[in-house]
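Protein chains in written order, with this note's numbering: chain A, 7 to 294; chain B, 17 to 379; chain C, 144 to 462; chain D, 126 to 488. We put the CB at the ideal spot given by N, CA and C, even for glycine. Quantities reported herein were computed from a predicted structural model and do not represent experimental measurements. A short write-up of the structure that comes next.
What follows is the structure, given as structure tokens:
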């Protein structure tokens, strides 16, 4: 390739990438700026686009956290504090459940060849549209008095994200050289001891990745919380979409503020585990 | 027709200088081995010849054409990768035909040339196999064939034998050398195995730490190593290199090895004159294990104890240790040496002296 | 040679393999239990309830459903339910539009990212952001973007010079497009990520070998890179197709299936029957039918993948 | 301090036979090498001894005790794995301590033993580094140290030095041999390098396709290979083999160009046969001699102290190893004379050796 060709190619590359970046960022930017706009700027007249808030305000955040603000006349019956707390508790507990169960199960399958059908059965969990299976789950949950409880929600989240933790850890365990574990066996360890004294310390980093990845998934759910929560354990996305009032209609700014708060943790965690995202999203089938 | 001329070739990776001011000229149809330990810059040098890597300084010329800035696709060199880089999703035929197909050669012509090449590489039987079914040995021949079919004037090989088992490697050494005679190409061959370089190359370029140490025919490199590194690297087991001092005594010159004793070369021994030409009295005395003369205790030479005897088929390697020195000797199995014996060690053949500080050969 | 005296030291302990199986059973037990819990009971329940007229307003718990047992009447009804087939059809349309679009956009972007260039890592991180946004939030983003007085119309006006005042979410066709745009926005990065991993996984030496044999860029792409990426592409397409079939969050937030049933996918339809019409036995029948359909599809997909993987592993040995 | 035995041991994985009907007894304090090409089942033998695999049939005896079904921890063996299997999350020191900690040795004793082993292997300065920060040779030493730190019944090593470069390998094998003699323990050593096996082993066992082909001292194996397979794999450059037929006590080569005046084997029934003679047992002359084969020089491989002369006779290339540096020209007609006293005779079917040199002639 000649130097001029090269230059053209690079120019093309940057143009295309920057175009893609702009398109990808517009929706996020719009929501982010909206979160800081006063009521008057929520909707726009055709004649002028208000990209950046002219009178930036924290009113929207104030509103969702305290239930009232100077800008709107109404007050909010439920503030955002409780949903944020609920999302955090449920996502953490369910992540713990999915990762512990998944790690143990994955090791059992990867190392000892028990449960030959387990990997595919687990994968099936991911194949079904949650909507189609949720009716019996709802019936079951209400029968077991699990609806709108944090452990009821954590349990179903844990089950739904189990395929990810199981498959991720399985591919990580598959990659641990057998000989390292065998060396520990020869030197007098029992197999259980090998697992927690040699294998687990060796997969510390992958394990952390799995935890973050599963947390993102649990944090992002909408549909299950929509079906299985009523009041106490409503999570952020459900809360956000209930932010309408009869008097003012859509609470655009408040929703945007809530959406921004919901969007930040997964994006940050996602960037942290970027290296392993491909593996996570493809159930370990592909590496990067 | 292609000679290769490297002038002042330098390659830096960040702070690391992989190749430094390399000057090397390779004649048309010559078989040159780039030899050295891992990290010596031999592969980088070859990558620069192929255009896989761009030099940080200096130039690469084929014949009189400066191709330093020509992209690798346009240099027309054949290249065999260490891992062969076979297109395993294709058949053997498709692999061989690749270079011709991308150049738009007519199908009939491709068929003919592929058939010829398959025959030369003994792959006719496997011609329609998927490449992934081939054994390592066959993959290696396929890799050579795939490059050879576009008739490059210059053929570059990156440790092509290192994945083969020992018995087949010996066979391939002969075959490869013969192939080069038949294809009439300039061949550059990278290896860390001195045996391969010695047995195949017309000339060997020994490299260490990015710097060319010596460039000469195999026997030249073997018989007249320019420095301590080359002396140690060429030959197996490696040359014995013993620190000693030149002492002049009553007009005669002798080499003093401390408590182990001393050696006195005869007057007509060239070593005597070499000793006299040495810049300083601290030198390294080198002699090959197969030139070691072992005699029962009592005679002249260095007094050493046999510590270990390795018997490898028809020959033995005898490890000896004296005060401050170690020596290896190679001989047939008739040498009466047992562990614990005290023996007298001397050099019965070509000896070398190297400067103790610079490592350079003293002549 | 001396014959050794053989003494047996007590009863043999469990051998290593036997110990391993025992430990493995314990370790997989929690997974097995959870699977049974989530497959067996709901599975039995869904089949049981789907064969009755039971509903939450009957005033009796679900296990009294046998009182209104009707065997397969719900399934018979399903066959003639135009809303059901309509929602399946829409789901299918969305799937066959968005997945290929995301695929080609993702592939194009991935190709731009193969070699190194300045700011690559920053661009890469930013490009991945959409797929990490909580889907319900993404739905909300597009909800506000596509308002009649929202920025999309304004942007279009700005670009075209005419005054564009499109009704997006309340117009049946436009709403459909808006939803697809949102899905493409969110999931093109996933395709990009997977396909880039695939492109970077093409053995560099083979590409170099092809270059040295005189192949140009297009020849390398078609003859070396694409064949090597076949499995990666299949994985990406399968994963996205499955997810597209499940589409709910974005759509529900943006249009709630409306206007009317214009953007109703199978998930939204089920949701509505459940909560607006409260026909739980009927919805169980729908759910079960969808499950069977997907199990069949998934079975085929997994078989194809497993087969491809096996071949790949063989290839790895040689490579 | 133990005798290790395998009696009638077989192991298959699915349809693949890993090892079949193995009987090996390794007496106390022996350096025993298991030699064979890749995937011949040699590693499986170690794994069976260690208890990492269960045999399908047969008995495993360690120090007189039946251990066939015992888990690895009960067997008191130590192992150096081919990939070393160091614990990557522990420092070198923690790696060394591991076997002792797991066996609940008191802390003062652990410190003493680790220090002692570290000293022996010259790795005292490395104890605080994690394996990722060590060089290949250093990792090697740590892995060996971990197996030496306890006092096991025997040491097992699976190609422990195959990853090192040639020079370091030559040094390490001598050092290992010295260690084994000092520690006075049984050492079972797996390798695919015939030179390594020959140089260090007290006795060696050659495997092929999961079966033991020959067990004996290196000299026995080299001088009296039981089968053509052993002859081919032991010795470098490899032995020359010529196909032919024994009829009425006379050998006739299939290729008339290769007629060799070999002695008759009087007691051998007629059969297709192969004769083999090693490269160092061949003389290459310009003059015709009795029993010589006419040939042309095909390639020359000068290796310094000796050279390999490849000559073409008929369709075959015969390899001769001659001392010194060759004075032949490519293509020059020469005459090669094998040393008939050291010829081996094998049956083509099955490869069994039925005679060697004069032995064959004498019946």
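- If contact means a Cβ-Cβ distance below 8 angstroms, which residues of the stretch 310-328 of chain D contact chain B? For the stretch 310-328 of chain D, the set of positions with a beta-carbon nearer than 8 angstroms to some beta-carbon of chain B reads 317, 318, 319, 320, 323, 324, 325 in chain order.
- Which residues of chain A have a Cβ atom closer than 7 angstroms to the Cβ of residue 197(D), listed in chain order? Walking along the fourth chain from the start, residue 197(D) turns up at place 72. Result: 191, 192.
- Amino acids of chain C, ordered along the chain, whose beta-carbon sits closer than 9 angstroms to that of residue 93(B): On the second chain, position 77 is the one that residue 93(B) refers to. What residue 93(B) touches in chain C: 355.
- Task: Enumerate in chain order the residues of its own chain whose CB-to-CB distance from residue 257(B) is below 7 angstroms, with the five nearest sequence positions on each side excluded.
- Result: Working through the second chain from its first residue, we reach residue 257(B) at position 241. The beta carbon of residue 257(B) sits closer than 7 angstroms to those of 244, 247, 248, 300, 302, all from its chain and outside the five residues before and after it, given in chain order.
- Identify the continuous beta strand (DSSP E) that holds residue 205(B) and give its terminal residues. Along the second chain, one-based indexing puts residue 205(B) at 189. Run containing residue 205(B): 202-207, per the beta strand (DSSP E) assignment.
- Return the bridge partner residues of residue 361(B) from the DSSP annotation. For the purposes of this step, residue 361(B) is taken as the residue at position 345 of the second chain. BP columns for residue 361(B) point to 310(B), 318(B).
- Can you find a C-beta in chain B that's less than 7 angstroms from the C-beta of residue 118(D)? Outside the modelled stretch of chain D, which goes from 126 to 488, sits residue 118(D), for which no answer is possible.
- Item | Beta bridge counterpart(s) of residue 90(A) as assigned by DSSP | Here residue 90(A) is taken as the residue at index 84 of the first chain, counted from 1. Beta-bridge pairing links residue 90(A) to no other residue.
- Item | Neighbour flag for residue 103(B) against chain C, beta carbons, 7 angstroms | Counted from its first residue, the second chain places residue 103(B) at position 87. Yes - at least one Cβ of chain C is within 7 angstroms of the one on residue 103(B).
- Query: Under three-state DSSP, which class holds residue 160(A)?
  - Reply: Within the first chain, numbered from 1, the residue matching residue 160(A) stands at position 154. DSSP places residue 160(A) in helix when its eight states are reduced to three.
- To which residues of the same chain is residue 162(D) closer than 8 angstroms at the C-beta, ignoring the five residues directly before and after it? Position 37 of the fourth chain, counting from 1, holds the residue named residue 162(D). For residue 162(D), where only same-chain residues beyond five positions count, the Cβ hits under 8 angstroms are 317, 333, 358.
- Task: Answer yes or no: does any C-beta atom of chain B fall closer than 7 angstroms to that of residue 204(C)?
- Result: Along the third chain, read from residue 1 onward, the residue named residue 204(C) stands at position 61. Closer than 7 angstroms: no.
- Task: Give the residues from the stretch 321-333 of chain C that approach chain A closer than 7 angstroms (Cβ to any Cβ), ordered along the chain.
- Result: So the close ones are 328, 333.
- Query: Any Cβ of chain A within less than 7 angstroms of the Cβ of residue 308(D)?
  - Reply: The count along the fourth chain starts at 1 and reaches residue 308(D) at position 183. So no, residue 308(D) is outside the interface.
- Query: If we ignore side chains and look at the alpha-carbon of each, how far apart do residue 155(A) and residue 235(C) end up?
  - Reply: On the first chain, residue 155(A) is found 149 positions in, with the first residue counted as 1. On the third chain, residue 235(C) is found 92 positions in, with the first residue counted as 1. If you take the alpha carbons of residue 155(A) and residue 235(C), they lie about 36 angstroms apart.
- Item | Through-space distance from residue 131(B) to residue 135(D), alpha-carbon basis | Here residue 135(D) refers to the residue found at position 10 of the fourth chain. Here residue 131(B) refers to the residue found at position 115 of the second chain. Rounded to the nearest whole angstrom, the CA to CA distance from residue 135(D) to residue 131(B) is 45 angstroms.
- Task: Below 6 angstroms CB to CB, which residues in the same chain sit around residue 186(D) once its five sequence neighbours on both sides are set aside?
- Result: On the fourth chain, residue 186(D) is found 61 positions in, with the first residue counted as 1. Once the five neighbours on either side are set aside, the close Cβ partners of residue 186(D) are 130.
- Message: Check for me: the alpha helix (DSSP H) holding residue 439(B) runs from which residue to which?
- Response: The question about residue 439(B) has no answer, for chain B in this structure spans 17 to 379.
- Task: Look at the alpha carbon of residue 226(B) and the alpha carbon of residue 202(B), and state the distance between them as a whole number of angstroms.
- Result: Taking the second chain and counting its residues from 1, one reaches residue 226(B) at position 210. Taking the second chain and counting its residues from 1, one reaches residue 202(B) at position 186. C-alpha separation (whole angstroms): 23 angstroms.
- Exposure label - residue 259(A); buried when at least 16 CB within 10 Å: In the first chain, the residue the question calls residue 259(A) occupies position 253. With 16 or more other Cβ atoms inside 10 Å of its own Cβ, residue 259(A) counts as buried.
- Identify the residues that DSSP records as bridge partners of residue 75(B): which are they? Here residue 75(B) refers to the residue found at position 59 when the second chain is read from its first residue. Answer by DSSP bridge pairing, in chain order: 23(B).
- Item | When 396(D), 294(D), 459(D) are compared against residue 407(D), the one with the closest alpha-carbon | Within the fourth chain, residue 407(D) is the residue found at index 282, counting from 1. The shortest Cα separation from residue 407(D) among 396(D), 294(D), 459(D) belongs to 459(D).
- Decide if residue 174(B) is buried, meaning its Cβ has at least 16 other Cβ atoms within 10 Å, or exposed. Locating residue 174(B) in the second chain gives position 158, where the first residue counts as 1. Around the C-beta of residue 174(B), 16 or more other C-beta atoms lie within 10 Å, and the residue is accordingly described as buried.
- Query: Where residue 157(C) and residue 280(D) are concerned, what is the direct C-alpha to C-alpha distance, given to the nearest angstrom?
  - Reply: Within the third chain, the letter at position 14 stands for residue 157(C). Within the fourth chain, the letter at position 155 stands for residue 280(D). Approximately 24 angstroms between the Cα atoms of the pair.
- Counting pairs of beta carbons, one from the stretch 163-174 of chain A and one from the stretch 209-222 of chain A, are three or more of them closer than 8 angstroms? Taking 8 angstroms as the limit for Cβ pairs, the verdict is that the stretch 209-222 of chain A does touch the stretch 163-174 of chain A.
- Query: Rounded to a whole number of angstroms, what is the C-alpha to C-alpha distance between residue 481(D) and residue 345(D)?
  - Reply: In the fourth chain, residue 481(D) corresponds to position 356, counting from 1. In the fourth chain, residue 345(D) corresponds to position 220, counting from 1. A direct Cα-to-Cα measurement between residue 481(D) and residue 345(D) gives close to 12 angstroms.
- From 215(A), 160(A), 122(A), residue whose alpha carbon lies closest to that of residue 279(A): Locating residue 279(A) in the first chain gives position 273, where the first residue counts as 1. Residue 279(A) has its Cα closest to that of 215(A), out of 215(A), 160(A), 122(A).
- Item | Whole runs of the beta strand (DSSP E) within the stretch 280-335 of chain D, excluding any shorter than 3 residues | Every beta strand (DSSP E) of 3 residues or more that sits fully in the stretch 280-335 of chain D is shown, in chain order, as 311-316, 328-333.
- Message: Pop quiz: residue 130(C) and residue 193(C) are said to be a contact at Cβ under 8 angstroms. What is the actual Cβ separation, rounded to whole angstroms?
- Response: There is simply no residue 130(C) to check, as chain C begins at 144 and stops at 462 in what is shown.
- Message: Less than 7 angstroms between CB atoms is the rule here; does residue 203(B) satisfy it with respect to chain C?
- Response: If you number the second chain from 1, residue 203(B) lands on position 187. Not closer than 7 angstroms to any Cβ of chain C, the Cβ of residue 203(B) fails to qualify, so no.
- Task: Out of 393(C), 342(C), 440(C), point me to the one whose CA is closest to residue 385(C)'s CA.
- Result: Walking along the third chain from the start, residue 385(C) turns up at place 242. Selected option, being the one with the closest Cα: 440(C).
- Task: Would you tell me roughly how many angstroms separate the C-alpha atoms of residue 108(B) and residue 153(B), rounded to the nearest one?
- Result: By 1-based counting over the second chain, the position of residue 108(B) is 92. By 1-based counting over the second chain, the position of residue 153(B) is 137. If you take the alpha carbons of residue 108(B) and residue 153(B), they lie about 14 angstroms apart.
- Give the straight-line distance between the Cα atoms of residue 152(C) and residue 193(D), rounded to the nearest whole angstrom. As a position in the third chain, residue 152(C) is number 9, starting the count at 1. As a position in the fourth chain, residue 193(D) is number 68, starting the count at 1. Residue confidence for residue 152(C) is low, a pLDDT of 44 falling below 50, so the modelled location carries little weight; the figure read from the coordinates is stated next. Computed Cα separation, rounded: 11 angstroms.
- Query: Considering only residues of the stretch 375-453 of chain C, which uninterrupted alpha helix (DSSP H) runs meet the minimum length of 4 residues and lie entirely inside it, listed in chain order?
  - Reply: The stretch 375-453 of chain C contains these whole alpha helix (DSSP H) runs: 392-397, 409-418.
- Task: With DSSP as the reference, label residue 52(A) as helix, strand or coil.
- Result: In the first chain, counting from the first residue as 1, residue 52(A) sits at position 46. Since pLDDT at residue 52(A) reaches only 47, below the 50 mark, its modelled position is unreliable, and the value read off the structure follows with that caveat. Residue 52(A): coil per DSSP, three-state reduction.
- How would you call residue 376(B), buried or exposed, if buried means at least 16 neighbouring beta carbons within 10 angstroms? Position 360 of the second chain, counted from the start, is the residue given in the question as residue 376(B). Residue environment analysis places residue 376(B) among the exposed positions, since fewer than 16 neighbouring C-beta atoms fall within 10 angstroms of its C-beta.
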